[in-house]
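Enquirer:
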Amino acid sequence: GPLAVLVGSNKFGMKTLIRHSDSVGAPFMVDASSLTESGSCFWGTTDFKAGDVLLFTPFTIHMGLENRTSEVRISLDCRAQPASDVVSERALQPNWTRQTWEEIYDGWESDELKFYWKKMKLEVVKEEDFSAVAFQTTFDPMNY
Numbered sequence: 001g002p003l004a005v006l007v008g009s010n011k012f013g014m015k016t017l018i019r020h021s022d023s024v025g026a027p028f029m030v031d032a033s034s035l036t037e038s039g040s041c042f043w044g045t046t047d048f049k050a051g052d053v054l055l056f057t058p059f060t061i062h063m064g065l066e067n068r069t070s071e072v073r074i075s076l077d078c079r080a081q082p083a084s085d086v087v088s089e090r091a092l093q094p095n096w097t098r099q100t101w102e103e104i105y106d107g108w109e110s111d112e113l114k115f116y117w118k119k120m121k122l123e124v125v126k127e128e129d130f131s132a133v134a135f136q137t138t139f140d141p142m143n144y
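The sequence shown begins at 1 in UniProt numbering and counts up by one.
1) Considering just the uninterrupted stretch of the alpha helix (DSSP H) at L35, what are its terminal residues?
2) Between which residues of its own chain and L65 is the CB-CB distance below 7 Å, once the five residues before and five after are set aside?
3) Would you check if there are 3 or more beta carbon pairs closer than 8 Å linking the region 113 to 128 to the region 89 to 103?
4) For my contact list, V133 and V87 are in at a C-beta cut-off of 8 Å; report their separation, rounded to the angstrom.
5) Within the continuous alpha helix (DSSP H) that includes W101, where are the two ends?
6) Given D42, which residues of its chain have a CB within under 7 Å of its CB, disregarding the five upstream and five downstream residues?
7) Quick check: the Cα distance between E123 and S70, rounded to an integer number of angstroms?
8) If you run the structure through DSSP and keep just helix, strand and coil, what is F130?
9) DSSP puts L3 in a beta bridge; with which residues?
10) Distance, Cα to Cα, Y144 vs F48?
11) Looking at the unbroken beta strand (DSSP E) that takes in F42, where does it start and where does it end?
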């Protein structure tokens, strides 16, 4: 199954996050029913092909649809933000925390890039506090 985006959801800024412990990769979800029921937004997707790229802002509500094929779905999630923005501690951990950084770095020939973010002056906050503080700046979602 492909990725679906709630078309137009980026125009409404930060939505309230709800803890969702059943998810493998995303511990939070958004109740988008008010946007879809009002007709303000609709779910959209396409028949993605190998090599397709989809870019969207942090304010775009999205979800993965059920894979109903015999093919393996492979996706890559890359995120970027200014170093001056607040960072969630979760963003500095290996994805899904199946391994530690020490396990990942085991066997690397060079230490130069290991834990590179620890050399930066980052404001790191606990995951559960991130949504409350991350977007309380002069950040304007309409400029994204």
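Beta carbons: idealized from backbone N, C-alpha and C, even for Gly.
Expert: Taking the structure as given:
1) Here the question's residue 35 lines up with position 35 in the sequence shown. Here the alpha helix (DSSP H) through L35 covers S33 to E37.
2) Here residue 65 refers to the residue found at position 65 of the sequence shown. Taking L65 as the centre and dropping the five residues before and after it, the same chain places the C-beta of G1, P2, A4 and T45 closer than 7 Å to its C-beta, in chain order.
3) In this structure the region 113 to 128 lies against the region 89 to 103, because at least three pairs of beta carbons, one per stretch, are closer than 8 Å.
4) Start at 1 with the first residue of the sequence shown, and residue 133 comes out as number 133. Start at 1 with the first residue of the sequence shown, and residue 87 comes out as number 87. The pair is not a contact, with the Cβ atoms about 11 Å apart (cut-off 8 Å).
5) As a working note, residue 101 is residue 101 in the sequence shown. From DSSP, the alpha helix (DSSP H) with W101 extends over W101 to Y105.
6) For the purposes of this step, residue 42 is taken as the residue at position 42 of the sequence shown. Before going further, note that residue 42 is Phe rather than Asp in the sequence given. The beta carbon of F42 is closer than 7 Å to those of V7 and T36 in its chain, skipping five residues each way along the sequence.
7) The residue labelled residue 123 in the question sits at position 123 within the sequence shown. The residue labelled residue 70 in the question sits at position 70 within the sequence shown. Taking the straight line from one Cα to the other gives about 43 Å.
8) Sequence index remark: in the sequence shown, residue 130 carries index 130 (1-based). The DSSP-derived three-state label of F130 is helix.
9) As a first step, residue 3 is located in the sequence shown; it is residue number 3 there, counting from the start. According to DSSP, L3 bridges with G64.
10) The residue labelled residue 144 in the question sits at position 144 within the sequence shown. The residue labelled residue 48 in the question sits at position 48 within the sequence shown. Its pLDDT being 48, under 50, Y144 is placed unreliably by the model, and the measurement read from it follows with that caveat. Those two C-alpha atoms are separated by around 24 Å.
11) Residue 42 sits at position 42 when you count from the first residue of the sequence shown. Residues F42 to G44.
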